[in-house]
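Asker: I'd like to ask you about the structure that follows.
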Amino acid sequence: MGAPVKHHSVTTTLGEIAVAEIGEGPVLVMLHGGGPGASGVSNYHQNLPALAGHFRVVLPDQPGFGGSYRPTEEELDKRSITEITVDALFQALDALGIGTFHLLGNSLGGAAAIAMAQERPERVTRLVLMAPGGGWLPFGPTPTEGQKEMFRYYNGGGPSEKKMAAFIRTMVFDHRQFGEDVVRSRYEASLDESHIAFYRRYNAAFAKRGGMDPLWKDLHKIKAPTLLLWGRDDRTITLDGAQLMLKQIRDVQLHVFGRCGHWVQLERQREFEDLVTGFLT
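Numbered per our numbering, the sequence shown finishes at 1362, counting up by one with no gaps.
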């Protein structure tokens, strides 16, 4: 990978945010998804050698995940996880002296990326969204197959390698790409007791709110040129959502990967890296 990944934490009024950084150049903030055991580095470590040659890659762990603080039940009753995350991330970026930046988000991190681009459009220079959260479609299954697996993981007896294997099978088109070592490492990352407690609070708050914040209704507020990346076979946040984004985001383009599920950065690693680098440079 060349230069090592630097790990540190940033103090915000909400709590500590863990941040990993690598590379030099224009800042690229990459936000991970919301699956059990997710973090910035775990979601994107395989992409860092390619991207760090072009960008200062900043990988925050969102509140509740990785090394960052765990929002309380009281916080989650008052505000959605997306609102909490956006507040914490803007504070963290301010503390790092980062003004404007490219922004990339996947799934739950995609919802946060949308909200950041809506709230402070002058700071987001270019935006990449991979099957982002932030809305429900008026058609199709709700919750989706992948969302059900996420909700199920910490319930009914708690986490297990068998459950993690089932979760990964739902996330990707061809689970044979990912062996037992991937299942085991992701399972082990999901066992942190404070993360488990947070995830149960988060799921309860999610159900109480009836889903995520309806960010998709304000897509017209996004001013940054936007690249949408989507797996045709995504069973977590389905490709149907791309139609809304194509209609409402002013400067937008879409790339769809056949035989690909929810984890574009893993399932189509080389193409993902080439598309992101080309779009951002």
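We put the beta carbon where it would ideally sit given N, CA and C, even for glycine.
#1: Could you tell me the distance, in whole angstroms, from the CA atom of G1178 to the CA atom of P1144?
#2: Let me check understanding here. Comparing Cα to Cα, which of V1333, G1114, R1331 and G1106 lies closest to G1186?
#3: Are the CB atoms of P1315 and A1212 nearer to each other than 9 Å?
#4: Please report the straight-line C-alpha distance between D1175 and A1099, rounded to a whole angstrom.
#5: Can you tell me which of the three DSSP states Q1127 falls into?
#6: Taking only three categories from DSSP, how would you classify V1357?
#7: Leaving out five residues before and five after E1200 in sequence, what residues of the same chain have Cβ atoms less than 7 Å from its Cβ?
#8: Got a sec: is the Cβ-Cβ distance from L1208 to anything in chain C below 9 Å?
#9: With 16 other CB atoms within 10 Å as the buried threshold, where does K1034 fall?
#10: Which residue from G1148, V1091 and L1308 puts its Cα closest to that of H1183?
#11: Is the segment 1111-1128 touching the segment 1338-1349 in the sense that three or more CB pairs, one from each, lie closer than 8 Å?
#12: By the DSSP assignment, the beta strand (DSSP E) with Q1334 in it spans what residues?
#13: In the DSSP assignment, what are the bridge partners of H1088?
#14: Just the Cα atoms here: how many angstroms apart are A1305 and L1208?
#15: So what does DSSP say about G1121, is it helix, strand or coil?
Answerer: In short:
#1: 20 Å
#2: G1114
#3: A small correction: the amino acid at residue 1315 is Asp; Pro does not occupy that position in the sequence shown. Yes.
#4: 14 Å
#5: helix
#6: helix
#7: V1167
#8: No chain C appears in this structure, which consists of one protein chain only.
#9: Within the shown structure, residues of the chain are numbered from 1082 to 1362, placing residue 1034 beyond reach of any answer.
#10: L1308
#11: yes
#12: V1333 to F1338
#13: A1101
#14: 6 Å
#15: helix
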